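Asks:
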Amino acid sequence: MPMKSPGCIFCRVVARELPATLVYEDDQCIAFEDVNPKAPCHLLVVPRRHIPTLNDGGEEDEGLLGHLLAVASRAAREKGVRSFRTVINTNADAGQTIYHLHVHVLGGRIMRWPPG
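Numbering of the sequence shown is given in my numbering, commencing with residue 343 and proceeding in unit increments.
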């Protein structure tokens with residue numbers, strides 16, 4: 343998988359070509375506030391390496407995928423949110439609009455079930 347995909351908005355955020363309100367970063371991923379929040383706390387956790395969808399992750403990505411969830415929890419906690427929902431939309435029918443794997447972290451309000 344390429345490190346960066348030309349034209350990918352999240353690759354551009356990772357490369358600091360587009361602004362974002364960062365809440366966490368390390369050598370594997372970044373977390374930042376969603377510009378179109380669906381909850382009082384809506385963060386996105388994005389791997390630095392371009393992976394289009396969860397379906398495109400391979401065995402070599404298992405550690406990274408676990409790391410994204412650990413960062414989601416840490417970022418929520420640092421924002422003062424203890425109850426939250428994590429969501430990964432995979433492909434258009436599931437609501438994915440940006441084809442760079444990302445974890446939504448939504449909190450700060452009561453989450454209803456079923457979603458969507």
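We put the CB at the ideal spot given by N, CA and C, even for glycine.
Note that the structure is predicted; figures quoted are calculated from it, not measured.
Could you tell me the alpha carbon to alpha carbon distance between residue 447 and residue 359, rounded to whole angstroms?
Replies: Looking at the two C-alpha atoms, the distance is approximately 23 angstroms.
Asks: Does the segment 396-408 come within contact of the segment 347-365, defined as at least 3 CB pairs closer than 8 angstroms?
Replies: Cβ pair count under 8 angstroms is below three, so no.
Asks: Do residue 444 and residue 377 count as a contact pair if the criterion is CB distance below 8 angstroms?
Replies: No, Cβ-Cβ distance for residue 377 and residue 444 is not below 8 angstroms.
Asks: Once DSSP output is grouped into helix, strand and coil, what is the label at residue 393?
Replies: Reduced to three states, the DSSP call for residue 393 is coil.
Asks: With distances taken from CA atoms, which of 369, 451 and 368 is nearest residue 379?
Replies: Residue 451 is the option with its Cα nearest to residue 379.
Asks: Can you look up residue 427 in the DSSP assignment and give me helix, strand or coil?
Replies: Strand.
Asks: When the Cα of residue 381 is compared with those of 426, 442 and 435, which residue comes out closest?
Replies: When only C-alpha atoms are compared, the closest one is 426.
Asks: Are the CB atoms of residue 411 and residue 428 nearer to each other than 8 angstroms?
Replies: Yes, the pair counts as a contact, with Cβ atoms nearer than the cut-off.
Asks: Use the C-beta contact count for residue 385: other C-beta atoms within 10 angstroms, 16 or more gives buried, fewer gives exposed.
Replies: Buried, since its Cβ has 16 or more Cβ neighbours within 10 Å.
Asks: For residue 436, count neighbouring C-beta atoms within 10 Å of its own C-beta (all shown protein chains included) and say buried if the count is 16 or more, exposed if not.
Replies: With fewer than 16 Cβ atoms within 10 Å of its Cβ, residue 436 is classed as exposed.
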